[in-house]
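**Student:** Below are the structure tokens for one structure; questions will follow.
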Ligand SMILES: Cc1cc2nc3c(=O)[nH]c(=O)nc-3n(C[C@H](O)[C@H](O)[C@H](O)COP(=O)(O)OP(=O)(O)OC[C@H]3O[C@@H](n4cnc5c(N)ncnc54)[C@H](O)[C@@H]3O)c2cc1C
Ligand code: SF4
Ligand code: SF4
Ligand code: SF4
Ligand code: SF4
Ligand code: SF4
């Protein structure tokens, strides 16, 4: 037998006080599809749920409509409790009679009761057409692909390899090390950058679980959590990789200050990165140096702080002082950003070493004096409110990190989002290393500019998150939910009706739809594991070929028809 | 007066819930269909609603940057704006379709959106030309 | 002009650029009808008047012909745009299609209320300026008046519809089987008077961003419903908001399928803090 059981919750009188539940029940009894109905005291009590579940069993109903409080209040929990007792989620309809009816219409019980019945009959009508999405279970390929072999990628690779997972470490350049390969020494430890990375690079060399692909270019990434397929061309030729998880550790790049402070025109105006390169070559005798902070950062176009520029300037200012104690070194800044005890101590050390700090306003930046090279820098000190002229033989511009150019391309391949600058976005602030796409994790400067220590920590974190996925043998598509709560379902294409127009492919924000050739025709296909059930494809498919079974168009149309007593106006 | 509201579970529905908890009194003549995301509101379903005699239809979704499904709601807004143009051209009136993204997230906002929509529709001429 | 187009058609056939040329033929008893010319001699009988839309026919021919069969089509502006849309929507394989573009005369453009009476790839004839569609009296009148007045006007117009599906069948873009208009969930079937509101709004909206203003729907209508006016208003909206016109750029899909960062909309500001994809192209 099949039919619908209707349960109306009094909610200790909260609903009952306004809505005439007895007449609702009578209405329900008269309804053709309803095989059983009851008014219960309060479905949030375990007792009542138990009773309800057994009544459903007895009545032979295969679908249930509950009229009670809202999903966010206790309604959601009541649904969960019934699901636990073996009733399919898609067979349960929850009607919010409390928040959405009784409480907002308490002065008009008659119409509230009318509305309550409309809402119940809408749900009854809709339930008929709801189906559960077909689930699929996929096995997990216990290997990870890591994009980028900087501090973040290397630490992720090391962590995963030490846990016993095979790692494909894909690097655009020829050597591991990332941006630290371009840097002489690293704050805050002041050790040589190559020294710092040594343990990580050694791990790549000796751990056979880590496959390193130098000079690599990612051509495509398809697939889904547990089973990504990657096409890479590297110095080893064209290759296909399979990976259960993808960790994006592709870092960022340095912004070049063309047009600012006459960079590129004056020979001794250089960037921090150029100074690092000179230091790698060996010590330099510098008599007076002026560092300028926030060049192209914390402004209208790039309002963010890149976090690594202040400590870098402190590092190099002190180094100049140490190499030549008589040197005069100025740091012109808008605020010194050195959060945490270690970096604050680093700042104090620079002060103690005699580095001078001058604060300027964004609206009144320092000026370069000189023709071919800088002879002096003029700056308006915003604290003493005095103009100062600093003679110098070197000006170092601190520029921020900006996103890599191919982030957007990678984001499109993976169905990710980038933020408005182009860094990869995390799913929520509470899950900083996870993205909206299952099985894809982010760390290091690819998600936001960080120092190498932070990059290393984040790499470990991303590896731990990935390991949790790689360690599971298999999982089902419906268990993947990047949003809190249950996954709603996933879209499915009816191959016979599809015209292959490609609208769904263009609109899907998760790159879950694609076209597949079937003879001479193309048809749309939805990847169940990538689909997050947003419904965009459903809304642009001209003839309703792609549907979310949980909210079939017939369900919506049926609900619309019942919305006001089922009296279609036309 | 018959108003149909499609409310996204992450925005409009939260506002609706809050309005209930605050016992904000609202006119009764509206019905809510909860959806996972405003992107799931097919423009054809909105048309279906008008053809079934709705005086107005509202779609409540999240802020343009706050969609749980990446940028799913951007395309949703675009489709609905286009539908408004069509409603205007046929004289039904684009104003009968309320697109509210990110403005009904909280209890009072939600109540305000619903009430204002009521008042606006009340002031509009009837759709009798269709209904007769 | 006719001689020139014939010569091009002959070259296409003799050089095997295509296996057939779809155009109009003046046959027995001077009857003009579409025809596939497969040899250069045959081309002598080719004519280009009157206006006859061939896009949908070209699609059908290509679908039913053998693999690798290439078809050249004599197209006016609207036909070319329709073919472009069909290629964009994967109904025609680009490689199998050659177009032979001809320009329409100013009189023809007036008659069609056409804003672009020439193809992008013009092989023959002089392009004349298009008509400013929304300022044409007949269109203006249809879209004039305040809400209730216009509603009444359109209600009366649309109530003439006998739901013969002629508009849908003739539209080059409408290729869905089954079509939503035949699904009683969307448009009630078997009722008298027919449910025309949902029928027409759904049809018009489905074509909003793909309508190439060919006029086939309107020409096919037995009761003279001015269907184009609705399409024009939405075409104008897309032009103003996104600078988009269907059928022009084969590489640009409808902007309403994309997010606001890739396809920004005039008058739709994104809040500063919005996390989203930048304007850069997809891979
Ligand atoms: C001038 C300067 C001085 C600095 N000084 C210090 C310091 O003293 N101390 C400190 O802690 N930090 C310092 N930093 C910051 C430090 O460089 C970064 O924090 C760190 O490198 C970030 O590590 P990462 O792994 O996230 O990215 P990166 O180090 O940028 O590594 C990313 C790697 O990914 C590769 N890659 C990028 N795209 C792709 C792709 N599509 N496919 C394959 N591979 C790709 C790149 O080639 C690179 O090897 C400094 C930065 C600058 C600019
Ligand atoms: S519902 Fe459709 S558009 Fe949304 S994620 Fe799934 S496949 Fe993509
Ligand atoms: S939008 Fe619909 S018809 Fe078009 S390809 Fe996708 S499923 Fe097929
Ligand atoms: S004018 Fe009519 S037939 Fe031509 S494309 Fe537009 S809707 Fe289709
Ligand atoms: S009206 Fe819509 S569903 Fe029907 S054929 Fe045209 S585009 Fe397809
Ligand atoms: S061609 Fe005319 S009568 Fe036929 S369905 Fe279309 S509008 Fe109605």
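Protein chains in written order, with the working numbering: chain A, 3 to 572; chain B, -11 to 120; chain C, 2 to 284.
Glycine residues also receive a C-beta, built at the ideal position from the N, C-alpha and C atoms.
These numbers come from a predicted model, not from an experiment.
In chain order, which alpha helix (DSSP H) runs of at least 4 residues are fully inside the stretch 120 to 189 of chain A?
**Tutor:** For the stretch 120 to 189 of chain A, whole alpha helix (DSSP H) runs of length 4 or above, ordered along the chain, are 153 to 164.
**Student:** Once DSSP output is grouped into helix, strand and coil, what is the label at residue 120 of chain B?
**Tutor:** Residue placement at residue 120 of chain B is poorly supported in this model, since its pLDDT is 46, which falls under 50; the coordinates still yield a value, given next. Reduced to three states, the DSSP call for residue 120 of chain B is coil.
**Student:** Whole angstroms is fine: what's the gap from residue 1 of chain C's alpha carbon to residue 151 of chain C's?
**Tutor:** Since the first residue of chain C shown is 2 and the last is 284, residue 1 of chain C is not available in this structure.
**Student:** Check whether the stretch 553 to 564 of chain A touches the stretch 61 to 68 of chain B, taking contact to mean three or more Cβ pairs, one atom from each stretch, closer than 8 Å.
**Tutor:** No contact exists between the stretch 553 to 564 of chain A and the stretch 61 to 68 of chain B.
**Student:** Just jot down, in chain order, the residues whose CB lies closer than 7 Å to any heavy atom of ligand 5.
**Tutor:** Counting every residue whose Cβ lies closer than 7 Å to a heavy atom of ligand 5, we get A/544, A/545, C/169, C/172, C/174, C/175, C/176, C/177, C/180, C/181, C/182, C/203, C/204, C/207, C/208.
**Student:** Okay, do the stretch 429 to 441 of chain A and the stretch 121 to 134 of chain A touch, 3+ Cβ pairs below 8 Å being the bar?
**Tutor:** Cβ pair count under 8 Å is below three, so no.
**Student:** From this set, A/467, A/375, A/536, A/392, which residue's C-alpha is nearest residue 359 of chain A's C-alpha?
**Tutor:** Of the listed residues, the one whose Cα sits closest to residue 359 of chain A is A/392.
**Student:** Of the residues A/173, A/338, A/490, which one's Cα is nearest the Cα of residue 56 of chain B?
**Tutor:** Out of A/173, A/338, A/490, A/490 has the C-alpha closest to the C-alpha of residue 56 of chain B.
**Student:** In chain B, which residues lie with their C-beta within 8 Å of the C-beta of residue 105 of chain A?
**Tutor:** What residue 105 of chain A touches in chain B: 8, 9, 11.
**Student:** Evaluate residue 260 of chain C with the Cβ neighbour count: other Cβ atoms within 10 Å of its Cβ, from every protein chain shown; 16 or more gives buried, anything less gives exposed.
**Tutor:** Burial call: buried.
**Student:** Any heavy atom of ligand 3 within a distance shorter than 6 Å of the CB on residue 617 of chain A?
**Tutor:** Outside the modelled stretch of chain A, which goes from 3 to 572, sits residue 617 of chain A, for which no answer is possible.
**Student:** I need the straight-line Cα distance from residue 114 of chain B to residue 43 of chain B, nearest angstrom please.
**Tutor:** Spanning the two alpha carbons is a distance of roughly 8 Å.
**Student:** Between residue 167 of chain C and ligand 4, is there a pair consisting of the residue's CB and a ligand heavy atom that are separated by less than 6 Å?
**Tutor:** No, the Cβ of residue 167 of chain C stays beyond 6 Å of every heavy atom of ligand 4.
**Student:** Give me the subset of the stretch 69 to 91 of chain C whose CB atoms are less than 9 Å from a CB atom of chain A, sorted by chain position.
**Tutor:** Hits within the stretch, in order: 89, 90, 91.
**Student:** Check whether the Cβ atoms of residue 179 of chain A and residue 199 of chain A lie closer than 7 Å to each other.
**Tutor:** Against a cut-off of 7 Å, the Cβ pair of residue 199 of chain A and residue 179 of chain A comes out as a contact.
**Student:** Flag this pair as yes or no: are the beta carbons of residue 214 of chain A and residue 160 of chain A separated by less than 7 Å?
**Tutor:** Result no, Cβ atoms of residue 214 of chain A and residue 160 of chain A do not sit closer than 7 Å.
**Student:** Near residue -3 of chain B, what residues of its chain come up, given a Cβ to Cβ distance below 8 Å and the 5 sequence neighbours on each side ignored?
**Tutor:** Counting only Cβ-Cβ distances below 8 Å, and skipping sequence neighbours, we find 22, 23, 24, 25.
**Student:** Contact criterion: CB-CB distance below 7 Å. Does residue 558 of chain A meet it with respect to chain B?
**Tutor:** With 7 Å as the cut-off, residue 558 of chain A counts as an interface residue toward chain B.
**Student:** For residue 109 of chain A and residue 89 of chain B, what's the separation of their Cα atoms in angstroms?
**Tutor:** Near 30 Å, if we compare the C-alpha coordinates of residue 89 of chain B and residue 109 of chain A.
**Student:** Pairing CB atoms from the stretch 145 to 162 of chain C with CB atoms from the stretch 100 to 113 of chain C, are three or more of them under 8 Å?
**Tutor:** They do not touch, by the three-pair rule.
**Student:** If you measure from the CB of residue 419 of chain A, is any heavy atom of ligand 1 nearer than 6 Å?
**Tutor:** Not under cutoff, so the answer is no.
**Student:** Answer with buried or exposed for residue 88 of chain A, where buried requires no fewer than 16 other C-beta atoms within 10 angstroms of its C-beta.
**Tutor:** Answer is exposed; the Cβ neighbour count stays below 16.
**Student:** Using a Cβ-Cβ cut-off of 7 Å (strictly less than) and excluding sequence neighbours within five positions of residue 120 of chain B, which residues of its own chain qualify?
**Tutor:** Caution is warranted here: a pLDDT of 46 is assigned to residue 120 of chain B, below 50, making its placement in the model unreliable, and no coordinate value can be reported.
**Student:** I want to check one thing, is the minimum distance from the CB of residue 504 of chain A to the heavy atoms of ligand 3 below 6 Å?
**Tutor:** Within the cutoff, so yes.
**Student:** For residue 19 of chain B and residue 198 of chain C, what's the separation of their Cα atoms in angstroms?
**Tutor:** Each residue's Cα considered, the two are about 22 Å apart.
**Student:** CA-CA distance, residue 282 of chain C and residue 510 of chain A?
**Tutor:** Its pLDDT being 37, under 50, residue 282 of chain C is placed unreliably in this model, and the value from its coordinates should be taken loosely. So the two alpha carbons sit approximately 15 Å from each other.
**Student:** Please confirm whether residue 34 of chain A has its beta-carbon closer than 7 Å to some beta-carbon of chain C.
**Tutor:** Output row for residue 34 of chain A: interface = no.
**Student:** So, helix, strand or coil for residue 493 of chain A, using DSSP?
**Tutor:** If DSSP states are grouped into helix, strand and coil, residue 493 of chain A belongs with coil.
**Student:** Going by C-alpha to C-alpha distance, which of C/240, C/231, C/243, C/15 sits closest to residue 139 of chain C?
**Tutor:** Cα-wise, what sits closest to residue 139 of chain C is C/231.
**Student:** Near residue 81 of chain B, which residues of its chain fall below 7 Å by C-beta distance, leaving aside the five closest residues on each side in sequence?
**Tutor:** If we look at residue 81 of chain B and ignore the five residues flanking it on each side, its Cβ neighbours are 75, 112.
**Student:** Pop quiz: residue 126 of chain C and residue 115 of chain C are said to be a contact at Cβ under 8 Å. What is the actual Cβ separation, rounded to whole angstroms?
**Tutor:** Going by Cβ atoms, the distance from residue 126 of chain C to residue 115 of chain C rounds to 14 Å, so no, they are not a contact pair.
**Student:** Under a CB-based cut-off of 7 Å, is residue 71 of chain B close to chain C?
**Tutor:** It does: the Cβ of residue 71 of chain B has a partner Cβ on chain C nearer than 7 Å.
**Student:** Could you tell me whether the Cβ of residue 135 of chain C comes closer than 7 Å to any Cβ of chain B?
**Tutor:** Residue 135 of chain C does not count as touching chain B.
**Student:** Is any beta-carbon of chain A found at less than 7 Å from that of residue 104 of chain B?
**Tutor:** No, because no Cβ of chain A sits closer than 7 Å to the Cβ of residue 104 of chain B.
**Student:** If the criterion is Cβ atoms closer than 7 Å, does the pair residue 10 of chain A and residue 69 of chain A meet it?
**Tutor:** Contact flag set, yes.
**Student:** Would you check if the distance between the CB atom of residue 149 of chain A and the CB atom of residue 236 of chain A is smaller than 7 Å?
**Tutor:** Result no, Cβ atoms of residue 149 of chain A and residue 236 of chain A do not sit closer than 7 Å.
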